[in-house]
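Asker: Protein chains in written order, with our numbering: chain A, 143 to 350; chain B, 111 to 290. Beta carbons are placed, not taken as given, at the ideal position from N, Cα and C, and that holds for glycine. Predicted model only: the values in this text are computed from it and were never measured.
Rendered as structure tokens:
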């Protein structure tokens, strides 16, 4: 019993330390996971990391949180998953809340207002950059290009959640039709995608 | 009552938040406007703060929207709500379906999901530009300078791969110099 609590606390604490490193996306924590989890704690093997991140991307939610939960589950089951998730989320929760509260205190200040006028233009640039980055991994052929092209104007009329569901359905149906028509389907190996991420890079818009 | 609405909203968002937090901005924005939780101008500032902080954009925005509507309780409820779908799915997949990302049906679903996520991010940038009056034909010093700030920000992000937080901080300083 005492052993279990110790293990859960270790999971919590390890991810608590990694959490703030998820600046600009979950992939930024790969090098830390390599060092803390693979080398020091030996909870998982180095070659598992790639699979883990591929899996984390196929679950809704942030890559950082999902991969932490997967590692937690591997080490300590359901409780481990929850401990790791709380650990990785808590520091960023506290940081963003502190920033948010300070903003609400000072947002009437003319200097802060002026800063945000410019920051909003920069945030737009970051979102556009995120779009460019995702285009590189999501638009692989004519069909995906077409889905994207229809999607943008459609979003002015339909609820985004409906668009996401329709996207998933369209993907499934078009792969099904392509198979029936005898097209060769070459799904890209999820592995190649993750290994192409180098440790000193960060990835915005692609798995935050 | 607001807490329950926050929970429902962010639980649903947690369930569909595929492929990057910026894709979730339109959904959060549409719910925020529907319920009239916070004014549009303030919402975009909250997105800016979410981008400045470590951690996932979608979760950060949920926390800030929650806090602005109902204080610390709202922040905690929104964070929990957006995290619950992920943790449940992770536990289910880790227990029963470890090779999910290699599954043919999952892959064909993502074949359609990824481009629609891209559409969402493009849509997010258009509506962000519109609601902040960054897309206007009203030629003024402010408009031209904002266009330059936008262009320079995008340039250092793409060309020099600056970390977004440095770009945001520098941009804030430029804003203080130009507009106050």
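1) For residue 177 of chain B versus residue 313 of chain A, is the C-beta spacing smaller than 7 Å?
2) Start and end of the alpha helix (DSSP H) containing residue 247 of chain B?
3) Spatial neighbours of residue 156 of chain B within its chain, please: C-beta separation below 8 Å, excluding the five flanking residues on both sides.
4) Quick one, are the C-beta atoms of residue 281 of chain B and residue 244 of chain A less than 7 Å apart?
5) Buried or exposed: which applies to residue 147 of chain A, given that a residue is buried once 16 or more other Cβ atoms fall within 10 Å of its Cβ?
6) Report the neighbours of residue 253 of chain A on chain B: residues whose CB is nearer than 8 Å to its CB, in chain order.
7) Who are the near neighbours of residue 145 of chain B in its chain, counting only those whose CB is closer than 7 Å to its CB and skipping five residues on each side?
8) Taking CB distances under 7 Å as the criterion, tell me whether residue 333 of chain A reaches chain B.
9) What distance in whole Å lies between the Cβ atoms of residue 187 of chain B and residue 113 of chain B, which are believed to be in contact at a cut-off of 8 Å?
10) Between residue 162 of chain A and the rest of its own chain, which residues show a CB-CB distance below 6 Å, the 5 nearest in sequence each way excluded?
11) Could you tell me whether the region 244-258 of chain A touches the region 187-205 of chain B, using the rule of 3 or more Cβ pairs below 8 Å?
12) Let me know if residue 270 of chain B comes out buried or exposed under the rule of 16 or more other beta-carbons within 10 Å of its beta-carbon.
13) For the structure I just gave you, are there three or more beta carbon pairs, one from the region 261-280 of chain A and one from the region 192-209 of chain A, closer than 8 Å?
14) Measure from the C-beta of residue 154 of chain A to each C-beta in chain B and report whether the shortest distance is under 7 Å.
15) Is the beta carbon of residue 226 of chain B less than 7 Å from the beta carbon of residue 168 of chain A?
16) Is there a C-beta anywhere in chain B that falls below 7 Å from the one on residue 244 of chain A?
17) To which residues of the same chain is residue 168 of chain B closer than 6 Å at the C-beta, ignoring the five residues directly before and after it?
18) Run through chain B and tell me which residues come within less than 7 Å of residue 239 of chain A, C-beta to C-beta.
19) Counting only Cβ pairs nearer than 7 Å, list the residues of chain A close to residue 149 of chain B.
20) For residue 207 of chain B, report the span of its alpha helix (DSSP H) as first-last.
21) Let me know if residue 217 of chain B comes out buried or exposed under the rule of 16 or more other beta-carbons within 10 Å of its beta-carbon.
22) By the three-class DSSP mapping on this structure, what secondary structure does residue 289 of chain B have?
23) Using a Cβ cut-off of 7 Å (strictly closer), state whether residue 190 of chain B contacts chain A.
24) Shorter than 7 Å from the beta carbon of residue 227 of chain A to some beta carbon of chain B?
25) Decide if residue 240 of chain A is buried, meaning its Cβ has at least 16 other Cβ atoms within 10 Å, or exposed.
26) State the start and end residues of the unbroken alpha helix (DSSP H) segment that holds residue 242 of chain A.
27) Taking contact to mean 3 or more Cβ pairs, one atom from each stretch, closer than 8 Å, check whether the region 290-309 of chain A and the region 228-246 of chain B are in contact.
28) Is residue 185 of chain A buried or exposed, if buried means 16 or more other CB atoms sit within 10 Å of its CB?
29) Quick one: list the residues of chain A neighbouring residue 153 of chain B, beta-carbon separation under 9 Å, in chain order.
30) Output yes if chain B places a C-beta closer than 7 Å to the C-beta of residue 157 of chain A; else output no.
31) What does residue 290 of chain A touch in chain B if you count any residue whose Cβ is under 8 Å from its own?
Answerer: Walking through what the data contain:
1) Going by C-beta atoms, residue 177 of chain B is not nearer than 7 Å to residue 313 of chain A.
2) Taken as a continuous stretch (DSSP letters only), residue 247 of chain B belongs to no alpha helix (DSSP H), as it is neither H nor E.
3) Excluding residues within five positions, the ones whose Cβ falls inside 8 Å are 148, 171, 174, 175, 178.
4) No, Cβ-Cβ distance for residue 281 of chain B and residue 244 of chain A is not below 7 Å.
5) By the 10 Å Cβ count, residue 147 of chain A comes out exposed.
6) Residues of chain B passing the Cβ test: 286, 290.
7) Cβ neighbours of residue 145 of chain B beyond the five flanking positions: 115.
8) Residue placement at residue 333 of chain A is flagged as unreliable, the pLDDT there being 42, under the threshold of 50; a coordinate-derived value is accordingly withheld.
9) Distance from residue 113 of chain B to residue 187 of chain B at the Cβ level is roughly 5 Å; contact confirmed, criterion being Cβ atoms closer than 8 Å.
10) Spatial neighbours of residue 162 of chain A in its own chain (CB-CB distance under 6 Å, excluding positions within 5 residues in sequence) are listed in chain order as 233.
11) Between the region 244-258 of chain A and the region 187-205 of chain B, the count of C-beta pairs closer than 8 Å stays below three; the two stretches do not touch.
12) Exposed, by the Cβ-count rule.
13) Flag = no, the region 261-280 of chain A and the region 192-209 of chain A do not touch.
14) When Cβ-Cβ separations below 7 Å define contact, residue 154 of chain A makes no contact with chain B.
15) Result no, Cβ atoms of residue 226 of chain B and residue 168 of chain A do not sit closer than 7 Å.
16) By this cut-off, residue 244 of chain A is not an interface position.
17) Within the same chain, Cβ atoms closer than 6 Å to the Cβ of residue 168 of chain B are found at 127, 131, 134, the five residues on either side in sequence being excluded.
18) Under the 7 Å cutoff, chain B gives 173, 177, 185.
19) Neighbours of residue 149 of chain B on chain A: none; closest Cβ ~11 Å, over 7 Å.
20) Where residue 207 of chain B is concerned, there is no enclosing alpha helix (DSSP H), because DSSP gives it neither an H nor an E.
21) By the beta-carbon neighbour count (other beta carbons within 10 angstroms, threshold 16), residue 217 of chain B is buried.
22) DSSP places residue 289 of chain B in helix when its eight states are reduced to three.
23) No, no contact with chain A.
24) Yes - at least one Cβ of chain B is within 7 Å of the one on residue 227 of chain A.
25) With fewer than 16 other CB atoms across the displayed protein chains lying within 10 angstroms of its CB, residue 240 of chain A is exposed.
26) In the DSSP annotation of this structure, the continuous segment of the alpha helix (DSSP H) that includes residue 242 of chain A starts and ends at 205-248.
27) Yes, since at least three Cβ pairs between the region 290-309 of chain A and the region 228-246 of chain B fall closer than 8 Å, the two stretches touch.
28) By the neighbour-count criterion, in which a residue is buried when 16 or more other Cβ atoms sit within 10 angstroms of its Cβ, residue 185 of chain A is buried.
29) From the beta-carbon of residue 153 of chain B, no residue of chain A is found nearer than 9 Å; the closest lies around 11 Å away.
30) Cβ-Cβ to chain B under 7 Å: no for residue 157 of chain A.
31) At a C-beta separation below 8 Å, residue 290 of chain A has these neighbours in chain B: 225, 226, 228, 229, 232.
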